[in-house]
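First comes the structure, then the notes that go with it.
In our numbering, the protein residues as written are 125 to 281.
Written out as structure tokens, the structure is:
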């Protein structure tokens with residue numbers, strides 16, 4: 125996994141992550157707070173969560189490959205690599221909590237009584253994982269943009 129059509133794969137894959145991770149997180153929160161939306165969107169959200177979970181390590185691996193080719197890494201690039209390496213755990217938490225929400229949805233649709241405390245606990249876990257995904261995706265993306273473009277924009281202005 126190195127290049128695609130002459131471009132580093134990392135550059136291409138990270139665009140999927142910066143779209144799918146926040147989209148999944150926002151839709152997961154919508155599914156928690158709006159039952160009608162959950163009935164329509166839960167399977168899409170679960171698919172997005174699993175897809176993002178698959179793409180995240182691919183993006184990280186491609187980033188490691190790219191980093192090895194840029195020469196001596198700057199402190200900004202090292203920061204980006206460190207932040208990027210944590211994203212898989214947060215995306216995994218989001219995918220796991222969305223799976224719990226989907227299981228809850230199935231039980232509710234089948235008319236199975238679910239204790240309010242369990243329902244609330246799953247809702248809180250989904251929201252926490254979703255907010256963490258939003259924050260960490262921003263942090264990784266921002267540090268990556270600074271690593272790639274920081275010198276160019278700071279010298280231009």
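Glycine is no exception: its CB is placed at the ideal position from the N, C-alpha and C atoms.
Asked, Found
"Determine the DSSP secondary structure at residue 159, reduced to helix, strand or coil.", "helix"
"In the DSSP output, which residue or residues are listed as bridge partners for residue 132?", "127"
"For residue 236, count the other beta carbons within 10 Å of its own beta carbon; 16 or more makes it buried, fewer makes it exposed. Which is it?", "exposed"
"Rounded to the nearest angstrom, how far is the Cβ of residue 180 from that of residue 202, given a contact under 8 angstroms?", "That pair is no contact at about 19 angstroms."
"Given a cut-off of 8 angstroms, decide if residue 156 and residue 165 are closer than it, judged by their beta-carbon atoms.", "no"
"Measuring alpha carbon to alpha carbon, tell me which of 190, 150, 158, 184 ends up nearest residue 132.", "190"
"Exposed or buried, which one is residue 145 when buried takes at least 16 other CB atoms within 10 Å?", "buried"
"Leaving out five residues on either side along the sequence, give the residues of the same chain with a beta carbon under 6 angstroms from the beta carbon of residue 217.", "253"
"If residue 134 sits next to residue 186, beta carbons under 8 angstroms apart, how far is it from one beta carbon to the other, in whole angstroms?", "4 angstroms"
"Tell me where the alpha helix (DSSP H) around residue 196 begins and ends.", "No alpha helix (DSSP H) holds residue 196; DSSP gives it neither H nor E."
"Return the CA-CA distance between residue 198 and residue 184, expressed in angstroms with no decimal places.", "17 angstroms"
"If we call anything under 8 angstroms between Cβ atoms a contact, is residue 210 one with residue 249?", "no"
"Assign residue 138 to one of two classes, buried (16 or more other C-beta atoms within 10 Å of its C-beta) or exposed (fewer than that).", "buried"
"DSSP state of residue 169, grouped into three classes?", "helix"
"When the distance is taken between beta carbons, is residue 267 closer than 8 angstroms to residue 212?", "no"
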